[in-house]
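Going line by line, the protein sequences match chains A and B. Under my numbering, think of the first position of the first sequence as 398, with each following residue one higher. Under my numbering, think of the first position of the second sequence as 398, with each following residue one higher. We put the beta carbon where it would ideally sit given N, CA and C, even for glycine. Since we're looking at a predicted model, the values are computed, not measured.
2 protein chains.
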Amino acid sequence: MNIGQAAEASGVSAKMIRYYESIGLIPKTVRTEAGYRVYSDSDVHTLRFIRRARDLGFSVEQISDLVSLWRDRERASKDVKRIALEHVTVLERKIVELQQMAETLNHLAKTCHGDARPGCPIIEELASNEAPQCHSAAGTRFGSLGKAPTRV
Amino acid sequence: MNIGQAAEASGVSAKMIRYYESIGLIPKTVRTEAGYRVYSDSDVHTLRFIRRARDLGFSVEQISDLVSLWRDRERASKDVKRIALEHVTVLERKIVELQQMAETLNHLAKTCHGDARPGCPIIEELASNEAPQCHSAAGTRFGSLGKAPTRV
DNA sequence: AGTGACCCCTCCAACCATGGGAAGGTCAAG
DNA sequence: CTTGACCTTCCCATGGTTGGAGGGGTCACT
C-alpha cells in the first residue's frame, strides 16, 4: 500500500504520516525500489490508533507513550490510566479557563446595548485601570497549566 | 519609561511589546538617542488593554480591531459586541470539544482497572477497528471550528 | 577612570501540528 | 509516448510566545 492509500485508510494525512516518521513516532517503512513508502494493514492499524489518540487531544509525546504501552504485552493498565487521567486533568483545567472567558464576555455583552451609539462596557472593562475581570480566574495568565497560557 | 518598566507596569513582557510593535498592533515608539524605546503612561494603558483582551482569549487580529474601536470615539458598540459574541461562540465550541474528549476518557478510565495487570480498555478502544469513540463528536476531527482541529 | 551589574538592542531559532507548494521522479492507462 | 495521478524531498507559513547569542548603553560604586 502506498502512502496515499494508507492515509485514506487511516484518516491521517500523507503529510502527517511522513512527519510522524521523521520524528520517530512511527518507524521508518520499507521502500520500493523507486523510494515509495510501503504500508501494511498493521501499519494502518497503528496510524488509526494514533489518529484516535489525537482526536482525544493527546500530544504526540503522550501518543508515543501510549503506542509503546500498546505494543508492550506486559504493559500495566495503571500506566495507561495515569496518562489518560493526567490528560483529563489538563482538559478540565482548560475547559474551566475557557468557560471563565466566555462567562466574562457574556456578562459584558449583556450589559452592552449593542446599537450604533458609542459607549460600550466591554471596551470600558478592557480599558479600565481596575481589577482585570469580574470573573477572577480569567486573569491568571500563567496558571499552572503548563509552559504557556492557554491559546484560544 | 523603558520597555522593562512598561512591561512590568502592563503585564506584557518586553519581548511581546517588541513583537506587538513589529506586527503593527501598537505603533512604533519614540526612542532615546541610544535607541531605547520610551513609553508613556498612555502606552502602558494600551498595553494593559491588550493584555486583558489576550486574557479573554482574543486573537491578535481581534485585539487590533478592538483597539481601533477603543480609539474611535465614534465607535458603534454594536461592532464591539459582535466581536465579543463571535468570540464567545468559538470559545463555547471549543469547550464542547474538550468536554467530549474528557468525557470519553473518563468513561474509558472508569472501566480500566488500573492495576499492574495488562489488558486496558483505553488502549483497546484506541486500537479497535470499530466506531472511533462512544461519544461520537470527539471524532469529528475537522469540525466547523476553523482551519484546524482544536489543539489541546 | 574602571568595574560590575543591569538594562537595552537586533536577529535568529524553537515550540506544536499541520498545510501548502515547488521541483523532480515513477507508474499505469490510454 | 503522452498524460495524469501519484510519489519523493525540501522549504515555508501559521500563532503567540519564549529563549538565546552577540553587541552596546547606563548607572552607581569604587
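- Of the residues A:398, A:429, A:441 and A:432, the one whose Cα lies closest to the Cα of residue 417 of chain A is A:441.
- Within chain A, 499 have C-beta atoms less than 7 Å from the C-beta of residue 489 of chain B, given in sequence order.
- Residue burial is scored here from C-beta neighbours: residue 427 of chain B has fewer than 16 other C-beta atoms within 10 angstroms and is therefore classed as exposed.
- If you draw a straight line from the Cα of residue 465 of chain A to the Cα of residue 477 of chain B, it is about 49 Å long.
- Close CB contacts of residue 506 of chain A within its chain, under the 7 Å cut and outside five residues either way in sequence, are with 519 (chain order).
- About 18 Å separates the CB atoms of residue 502 of chain A and residue 495 of chain B; that is not less than 8 Å, and the two are not in contact.
- Closer than 9 Å to the CB of residue 477 of chain B there is at least one CB belonging to chain A.
- For residue 444 of chain A, the closest Cβ of chain B is not nearer than 9 Å.
- DSSP, read as helix, strand or coil, puts residue 415 of chain A in helix.
- With contacts defined as CB atoms closer than 9 Å, residue 434 of chain B and residue 400 of chain B qualify as a contacting pair.
- Residue 437 of chain A is outside the set of residues whose beta carbon lies under 9 Å from a beta carbon in chain B.
- Between residue 463 of chain A and residue 422 of chain B a beta carbon distance of about 40 Å is seen, past the 8 Å cut, so the two are scored as non-contacting.
- Under the three-state reduction of DSSP, residue 435 of chain B is assigned to strand.
- Under a criterion of Cβ atoms nearer than 9 Å, the residues of chain A adjacent to residue 450 of chain B are, in order, 523.
- For residue 487 of chain B, DSSP assigns no beta-bridge partner whatsoever.
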